[in-house]
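Residue numbers (our numbering), protein chains in the order written: chain A, 1 to 766; chain B, 767 to 928; chain C, 929 to 1360. We put the beta carbon where it would ideally sit given N, CA and C, even for glycine.
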Amino acid sequence: MADNPTLVNITVNGQQLTAPAGTLLLEACRSAHVEVPSFCYYPGLSLQAACRMCLVEIEKMPKLQTACTVVITEGMVVRTDTEQVHRARKSAIEFILTNHPLDCPVCDAGGECELQDMTFKYGAAESRFTEPKRHREEQQWSPIVYFDRPRCILCYRCVRVCGEGMDVWALGVGNRGVAASIIPNHSDHLQCEECGMCIDICPVGALTSGPYRYKTRPWEMKHVGAICTFCGDGCKTTLGIRNDQIIRGDNRDKSGINGDFLCVKGRYAFDFTQNPERLKQPLVRVDGELRPTTWSFALETVAKRFQRIKSAQGGFGVIGSTRTLNEEDYQLQKFARRVLGTNNIDHHRTADFPALATALAARTNTPGTALPLANSSSLKTAKAILLVGNDPTNQHPLLAWNIRTAYRNHKTRLYVLNSGDIKLRRQAFRMAVIPAGGEAAAIRFLNGEADSVPAELTMVGGPDPKRWPQTPPSVPQKIAEGLQDFRARLRQEQDVIIVFGAEVRGEAVRELVAFGDTLPGNTRYIALADNANSRGAADMGLYPDLLPGYRPVADAGARAHFEQLWGGTIPAEPGLNLPQMLAAAAAGKLDALYIAGANPLRLHPSAAEGLRKAFVVVQDMFLTETARQADVVLPVLCSYEKNGTLTNTCGEVQAQKRGGMFEGAKSDLAIIHELAELMGCGFGPAAEDKIFGEIRANVKGYDLSLVQLLAGRSALAAPLNETVAHRDDPELIQPNNDTLFTAGTLGRYSTTLNSVMERRLQKESK
Amino acid sequence: MSVFSQATQERFQTLLSHYPVKRSALVPMLLFAQDELGYLPPEAIREVGELVGASELAVREVIGYYSMLRLEPAGKYHVQVCTNISCMLRGGDDIYRHCKERLGIGHKEVAADGVFSLEEVECIGACSWAPALQVNYDFHQELTPEKVDEILRDYRKKAAAR
Amino acid sequence: MSQEVKIISKRFDDPKAATLDGYLASGGFQALEKALTMAPEAIIDEVKKSNLRGRGGAGFPTGMKWSFVPKQSERPKYVLCNADESEPGTCKDRLILQYDPFSLIEGMIIAGKAIDSHQGYVFIRGEYRYLFDIMERAINEAYRAGYLGKNIRGSGLDFDLYAHSGAGAYECGEESALMESLEGKRGIPRLKPPFPAISGLYGGPTVINNMETLATVPHIIVGGGEWYANLGVPKNGGTRLFCLSGHVARPGVYELPLGVPFPRLLEVGGGVANGKKLKAVVPGGSSTPMFTAEEAMGLNMDYDSIAKAGSFLGSGGVVILDENTCMVKFALRIMQFYRHESCGWCVPCREGTNWLHLALGRFHAGGGREGDVDLLREVSENILGRTFCPLGDAAAMPTLSILKRFRQEFLDHLAGKPCSCGVSGRPALATH
Ligand SMILES: Cc1cc2nc3c(=O)[nH]c(=O)nc-3n(C[C@H](O)[C@H](O)[C@H](O)COP(=O)(O)O)c2cc1C
Ligand code: SF4
Ligand code: FES
């Protein structure tokens, strides 16, 4: 859209209205609060003009016109409140209802059905249609998607959101005329991404979800806008809560950074919260076995042991989580540094945020310059996007959705550098397939002047064969030409957003930023990390060498700042990183390991034996591989059961709101505070808002508007410093490579995700 | 392996060359495919879809739309009786009823021996020569019940001869 | 103006005209020779002068339609022939395909030259397989003789033409649905604007005309626009094929000048069959509002006269109904058709045609109820003018005309009086 769109004047029901040229009449009316009902119209999707609900009178046009397809023109005179228009609306509803079963009392959508609402508003309550209705049995298309044809009003929203929005194209229209019906892609079942977009976009109860069907009436739930805990994108998901249990997840009110988007995890995978295997009681190892115990006993056991080790000047290691809240992460590292007196603190890294911070150092503080970080929504309107590595469709579903939206609505040019055949190839303007591990070389080529493409990028058969089902272009000549063209085109772009995955780390990040600097306009960056608060964990200082806000431990000034704030000393030496801690434990050099919300043994299974040598405390929801090795296991609340803040991969900070409750578990924050208290270094009450206040005041970039956060909006944090002295440990960055249906521990305990995967295997083996 | 004969495959290739966009060949291809196989089984759907670059779903959407395309086999001779206005005014209903009785089957049914199937169809463009029916693609016009008997007898003979 | 005037049908009795030699022998391709020497504008002017109006249904002036195509276009332009011929009561394009396929080829090349298009398709309904084969053979012959392809007859003009088969769908006769179908999709009509002249097949500027319209063009080029215009009446140039069907003594396709009085047309067909009395007339295919005998006898068969009388000349399908026809059943059969052919895209057409069909079926079978007649009318009115494409109107208009003109017959049905077709009280139709 142009920056200064010309305005057009129209008259609606005698009232003067102004809207940008190109606006649809329906949108123009709505923006002036003139009601125009609709079923098939859906913002952002293609126009259908099928339901005929939006018919209005336009002067000089003989017939009623569909407001959803007419573009306003200067001087247009419109009436939406005439007898004729009302009759047309009423009749459209009457027609829709002819074959509708009117089974509202048993329909999941009852109470939040657009057809119900419209019938209520525009009439046709008593039916003149007395002929037999068409009946068809309800069909189950997947563990998630159920279809009830008689309820369907054929608005085609589901078809469009699946195709245009998701680029999955799993729904279509079969038959013709009154026999027409929505059909799934595999004649009697669906093979798709199971995102559930079709279900939530359906204005009636024709598409319903397996996990939610017949569970409750909508008005029996209270709705809490929470942040999804599954990936780094930070979608808002509205949790429907009944009796402290989460019954439903959706985002039908389209608020939050994700609008109406959610993937299968955000919508359905919350069911891990009710998994019967969830820990309800602390466990303490007695005679080699983990036995249930009381909270006070468990906490005292831990505090006493920690105290003893501390007095003996023994070694501690602390491993934090990428799913816990900012407040918890912040307090955890404070606990490590201030209470345990160690810098041995780390987390499972999936992106090189410190490298990005280093590369971008010194540019944020210049007044007036644009922020070098892009937020998730800015992708939707970007002119050009460069994506290096990662497969956003699987690992960043929201960002992939935003990229597709940009492509669809703004013809955004997407440049993809990847070693695999990722689905976003379909939207790519240019795609260069490079050998796995060739990202750094490719970036060097982009940033260089030489025409010759490094040999390592043109190896025959180079691209990762596992991720490339078809034969890739294997002629070195062709690949070289492709890359040259790629670079030439890319260099002509301006205001590019550069998005990069874990493949790009350390020096490559700085090289990529150097290349970004050569592009015209305002280049912005997004580093892709895997988990809900990966970015927050990094920003909050879960690093052995970095304090909150990427301030080096080695920097005396930074240390002094926090020492004064926390009232105690912080060791000056950087500590051990995660694998070093595991190794130290195995070598008997760590006396205690405190693991809050992480499962390091999944990635490092061989470390299990070593853990036995230390006193291991694990906070988790489930008895993970790591928890099984622990001496004390403390059951925790999950993200949906807590208040606080989360920072998504782009750096957008959002408030997390408590939805469900879980008897028997405590929040990580409460546990940290109680331990600190028991160890005689109390942090004061475990009040999230107070802690966030401390974060706002002391972590660069987090000085965000509280009002905005509490209103459920996101704020972009940019914790960038003048300089960041950070040790590159590229090998520590280990992406999860999750698919849409896996998500570490949480995913393993989601019944819905498991049933989807089982069924896919079943169908594939057939 | 193709499910189609050499000749049909060649015909597909010729068709594909007629359009700037492969997908354009889909409808005629499906019809020709059906001419050969009698209906459109899943293998045919897949193969045609691949040839024009359309998903199986897209092909099924198209098949569902066109009334001549079918997913189930019809009889060897598919008797299509027009009962639309011009035929109706000249006894089309009687012809249709006559066919039902003679063949012992109803609308869109296939006789047990698979020789005949019956369908009441919409206007086939024989209005001025009504009443009319089509057997597969052959038109038979200005019908009387006696003429219908003769026609059916001929087809039955043809079926037996093979 | 009393007898048939054979222009478009002049080769219908010539069994050899369907071959290239036969076509050439009967004056074929003379128009092309001439058109090759004309400027595109001159061709369009000639067609404009001829007052040729579309024979497909809407009767839009053909020359004007062609002139809407932009001269410059980034995308290729297309010429499409609509030989979907599915409007009940219509069976004329079929004869052109069978007896005079080359006249269509010639007309399409000329249209191509007029709008600077180099690609055409003939969209033939799937049921017309033997005609499809004839058309394909003719096209191949034309290619071999250099009348199609690159550098036609050394003129420097390129034009490719292929026959394309539908597969059973009335809606694909609607021009934008036809294009969708030709693009290998469901025949769902497109949103308009843009109109085909600006963005049609594959998004390129497209002229789409009925088969008869295009086959008429060569005659106009040879004889001149003025000559052709003078055959008809003002603004309604030339002759057209009238398909007489129903209760007429000699049903058939007759070529008569536009403006011919209806009684004359009926006479050409030998009058009402079996000496019965005329009851009603469908003037231009099942979509057009019907006339009573009285109204019909005062009609002139041209676009404007019929429009003035409240209906359309449509596709030229003139259906004659005698005094014994049950109008309820007639309305029912028409609705069965539209219900079957509704593409199902928009609500009023999809649900409305189904409702009307079920209600008319019940009514005709003796299950009529008080208020049904008004209900049928109101439901029809609720379809009229509110659907995505004109198919809804095509279903509503004849129904409304029958309900209005033969209301008494509906009331008689309701009162249990014996039905004029003698079948009242039993369901006359297979409902599927
Ligand atoms: C539902 C519907 C069906 C139609 N069927 C046909 C048809 O079978 N043949 C035809 O030539 N035009 C048909 N038309 C009209 C076409 O849309 C189009 O107006 C015509 O092909 C233009 O050609 P003409 O200007 O030469 O008449 C139909 C229109 C509608 C709305
Ligand atoms: S299933 Fe729902 S969204 Fe899809 S067409 Fe039917 S009513 Fe619309
Ligand atoms: S909203 Fe306009 S027709 Fe459906």
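Separation of PHE429(A) and ARG812(B) (C-alpha to C-alpha, rounded to the nearest whole angstrom) is 29 Å. For ALA560(A), there are no CB contacts under 6 Å within the same chain when 5 residues up- and downstream are skipped.
In the three-state reduction of the DSSP assignment, ARG1267(C) falls in the helix class. With a 10 Å radius around the Cβ and a threshold of 16 neighbouring Cβ atoms, LYS478(A) comes out exposed. The criterion of a C-beta distance shorter than 7 Å is not satisfied by TYR214(A) and ARG248(A).
Where ASN418(A) is concerned, there is no enclosing alpha helix (DSSP H), although the beta strand (DSSP E) around it starts and stops at 413–418.
Taking C-beta atoms as the reference points, PHE1190(C) and MET1229(C) count as a pair closer than 7 Å. In the three-state reduction of the DSSP assignment, ALA596(A) falls in the strand class, which pools E and B. For LYS976(C), the uninterrupted alpha helix (DSSP H) run begins and ends at 968–977, by DSSP. If you draw a 10 Å sphere on the C-beta of LYS236(A), you find 16 or more other C-beta atoms in it, and that means buried. Legend: CB atoms of the stretch 881–894 of chain B lying less than 7 Å from CB atoms of chain C belong to residues GLU886, GLU888, CYS889, ILE890, GLY891, ALA892, CYS893 and SER894. When the Cα atoms are used, LYS993(C) and VAL1135(C) turn out to be separated by approximately 7 Å. When 7 Å is used as the limit between beta carbons, TRP1273(C) is near these residues of chain A: ALA50, in chain order. Annotation: Cβ neighbours of HIS784(B) in chain C (cutoff 7 Å, chain order): TYR1090.
Here DSSP, grouped into helix, strand and coil, assigns ALA170(A) to coil.
In this structure, the CA atom of CYS51(A) is about 24 Å from the CA atom of LEU823(B). Put simply, of GLN1264(C), TYR1049(C) and HIS1341(C) the residue whose alpha carbon is nearest the alpha carbon of PRO1326(C) is GLN1264(C). Looking at ASN13(A), ASN394(A), LEU7(A) and SER639(A), the one whose alpha-carbon comes closest to that of LEU325(A) is SER639(A). Burial state of ASP689(A) is exposed, judged by a 10 Å Cβ sphere holding fewer than 16 other Cβ atoms. Around the beta-carbon of SER311(A), fewer than 16 other beta-carbon atoms lie within 10 Å, marking it exposed. Identification of chain C residues near ARG89(A) by a Cβ-Cβ cut-off of 9 Å yields none; the smallest Cβ-Cβ distance measures about 10 Å.
The continuous beta strand (DSSP E) containing CYS1171(C) extends over residues 1167–1174. Secondary structure of GLU1013(C) (DSSP, three-state): coil. In the three-state reduction of the DSSP assignment, SER127(A) falls in the coil class, being assigned neither a helical nor a strand state. Exposed is the label assigned to TRP219(A), since fewer than 16 other Cβ atoms lie within 10 Å of its Cβ. When distances are taken from the beta-carbon of CYS152(A) to the heavy atoms of ligand 2, the shortest one is below 6 Å.
For VAL173(A), the chain B residues whose Cβ falls inside 9 Å of its Cβ are GLU827, GLY830 and TYR831, in order along the chain. Unbroken beta strand (DSSP E) stretches of 3 residues or longer found wholly inside the stretch 1151–1219 of chain C: 1167–1174, 1180–1185 and 1206–1210, given in chain order. GLU652(A) is the residue among GLU652(A), LEU290(A) and ILE182(A) whose C-alpha sits nearest the C-alpha of ILE227(A). The DSSP assignment places 644–647 and 652–656 as complete runs of the beta strand (DSSP E) inside the stretch 639–702 of chain A, in order along the chain (cut-off: 3 residues).
Of the residues assessed, SER768(B) falls on the exposed side of the cut-off, its CB having fewer than 16 other CB atoms within 10 angstroms.
ALA592(A) is the residue among ALA592(A), MET118(A), ARG612(A) and GLN629(A) whose C-alpha sits nearest the C-alpha of ALA303(A). When secondary structure is reduced to three states using DSSP, VAL388(A) falls in the strand class. Look at THR238(A) here: in three-state DSSP terms it is strand.
For LYS222(A), the enclosing beta strand (DSSP E) starts and ends at 222–227.
Residue side-chain check: PHE147(A) keeps its Cβ at 6 Å or more from all non-hydrogen atoms of ligand 1.
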